[in-house]
Each structure stands twice: as C-alpha cells, then as structure tokens.
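Read in order, the letters of the sequence shown are residues -16 to 70 in the working numbering. By construction, the Cβ of each residue, glycine as well, lies at the ideal position given by its N, Cα and C atoms. Contents: one structure, followed by commentary.
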Amino acid sequence: MHMPSITADYLVVLVLICAALTLQVIQPRRSGQAVFNGGILLALVLSVACALPALSYLPWAGFIDEMADQAVAAIQFLEVAYVILTL
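Here it is as structure tokens:
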C-alpha cells in the first residue's frame, strides 16, 4: 500500500503552521515586545503529534526515503525562519 502523499500532506500542513507562527513572532520582535515562552515550540510539537497516526499506515522504506528529503527541507525552512527572526 503506497501512501507517501499523506505524509507529504501532513508535512505541508506542518510547514504552513510553522510559517504562520513565524509571522506572528516577527511583529512583536520588531516592536521590542517579544515574549517567547515556549508556545511556538509547544504548537510545533503538537502539530507533529497530530501527524504521528499516519506512521502506522506507511511502508517504512519509502517512508524513510521521503522523510530524509523532508528533513532536509525542514532544516532549510528552520534556517530561513531563524534568519527572519533574528533580523
């Protein structure tokens, strides 16, 4: 059973959630009112936890191959978010 598109869909949703959270943090940081109390990290962990049930339906070899590609993309996204947040 081939279902890598479900994983890709979950990861796209995860990236969109991270992008939205990044945009919400940019404005307070620029105005000097930054409050980073771990809420973004909590939201990220919860969104990853929502994607975990899909793991039991995926073939593991294809899943690992796709996750390696997605991990590289996620690291690049986090680097961009870090650069934006530190401007």
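Given residue i as reference, the closest of the options once Cα atoms are compared
i: Val66; options: Leu(-1), Asp(-8) and Leu6; result: Leu6
i: Asp(-8); options: Leu68, Met50 and Glu62; result: Met50
Buried/exposed call for residue i, threshold 16 Cβ in 10 Å
i: Leu(-6); result: buried
Within 8 Å, strictly: CB atoms of residue i and residue j
i: Val74; j: Phe60; result: Nothing about residue 74 can be read from this structure; the chain reaches only from -16 to 70.
Whole-angstrom distance between residue j and residue i, CA atom to CA atom
i: Ile0; j: Asp48; result: 23 Å
i: Thr52; j: Ala3; result: Correcting the residue identity first, residue 52 is Asp in this sequence and not Thr. In a straight line, the C-alpha of Asp52 is about 22 Å away from that of Ala3.
i: Gly45; j: Leu70; result: 38 Å
i: Ala64; j: Ile58; result: 10 Å
i: Val55; j: Leu68; result: 20 Å
i: Ala32; j: Leu25; result: 10 Å
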